[in-house]
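Per my numbering, the sequence shown starts with residue 180, numbered consecutively.
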Amino acid sequence: MTERGKKVFVVRNRLSKRDIADADIALQNVKKDNQFVRIAYFSGTPSHNKDFATITGALSIVMDRYPKVRLVLAGPLDPQDALARRFEDRIDRVPFASRPEHFKNIAAVHINLAPLEIGNPFCESKSELKWFEAGAVGVPTVAASTEPFREAIIDGVDGFVASTEEEWVAKLGILVEDEAFRLAMGQKARTRVLAEYTTEHANDSEYVAYLREKMKK
């Protein structure tokens, strides 16, 4: 758009004050079941089947390796594959939920997944929303290594990015095995989210000024 002579602004997705309030309530009231390590994927539309399919191989390896892992699948996801058949008794399904319930559902799990088709232009344009929603309730994320996630996540500090099956397995394994590290990563994600990914702390003054000038005209 810049090349076509247009003024361009990048206005990133953020959490509203209400979202933060809901996340805080979830943190205060939801207790994790530490008998298991619950790894979750919160899908939004049926199109996410293709995204989830990119990590089913890695998840099969992780679930084979760690019997204490349970997989939580939220939304309209339909994993018709070997993973669903092999681990049916260790997969929990969660229906669509309101925003307050959504944050409670995330707060109840230990690890959040954000798979995408790397290199797909549509997927490469998706924001880092799945990382900062989970971060708001202190849950660490392993995300596909798309540009938005690479820009948002400090790999190994406040989340993980992965581009190969080996990386997904290794990074999920670290979080499954090391509870202290998992908790620390989740807290670091929450600290960054509250500082940089809320509407209250948005720094879009140049864009707002541009809109006001256009409205005057």
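The C-beta atom is built at its ideal place from N, Cα and C for all residues, glycine as well.
Quantities reported herein were computed from a predicted structural model and do not represent experimental measurements.
Taking just the CA atoms, how far does residue j sit from residue i?
i	j	result
residue 242	residue 352	10 Å
residue 185	residue 395	19 Å
residue 211	residue 386	41 Å
residue 288	residue 393	45 Å
residue 231	residue 342	13 Å
residue 312	residue 282	8 Å
residue 367	residue 269	29 Å
residue 379	residue 191	13 Å
residue 224	residue 253	10 Å
residue 390	residue 384	10 Å
residue 251	residue 303	25 Å
residue 233	residue 182	34 Å
residue 337	residue 267	31 Å
Under 8 Å, do residue i and residue j count as touching if we go by C-beta distance?
i	j	result
residue 193	residue 376	yes
residue 202	residue 292	no
residue 369	residue 314	yes
residue 237	residue 358	no
residue 286	residue 205	yes
residue 235	residue 257	no
residue 325	residue 290	no
residue 249	residue 217	yes
residue 318	residue 245	no
Taking 7 Å as the cut-off, does the CB of residue i come closer than this to any heavy atom belonging to the ligand FAD?
i	result
residue 304	No copy of the ligand FAD occurs in the structure displayed, which carries no ligand at all.
Output yes if chain B places a C-beta closer than 8 Å to the C-beta of residue i; else output no.
i	result
residue 220	Of the protein chains in this structure there is only one, and it is not chain B.
Per DSSP, which residues does residue i bridge with? Please list them.
i	result
residue 201	DSSP lists no partner for residue 201.
So, for residue i: in the same chain, excluding its five sequence neighbours on each side, which residues have a beta-carbon less than 8 Å away from its beta-carbon?
i	result
residue 214	247
For residue i, which residues in the same chain have their Cβ closer than 6 Å to its Cβ, ignoring the five residues on either side in sequence?
i	result
residue 339	321, 350
Residues in its own chain within less than 7 Å of residue i by CB, not counting five upstream and five downstream?
i	result
residue 381	193
**Asked** For the stretch 298-311 against the stretch 270-280, are there 3 or more C-beta pairs whose distance is under 8 Å?
**Response** no
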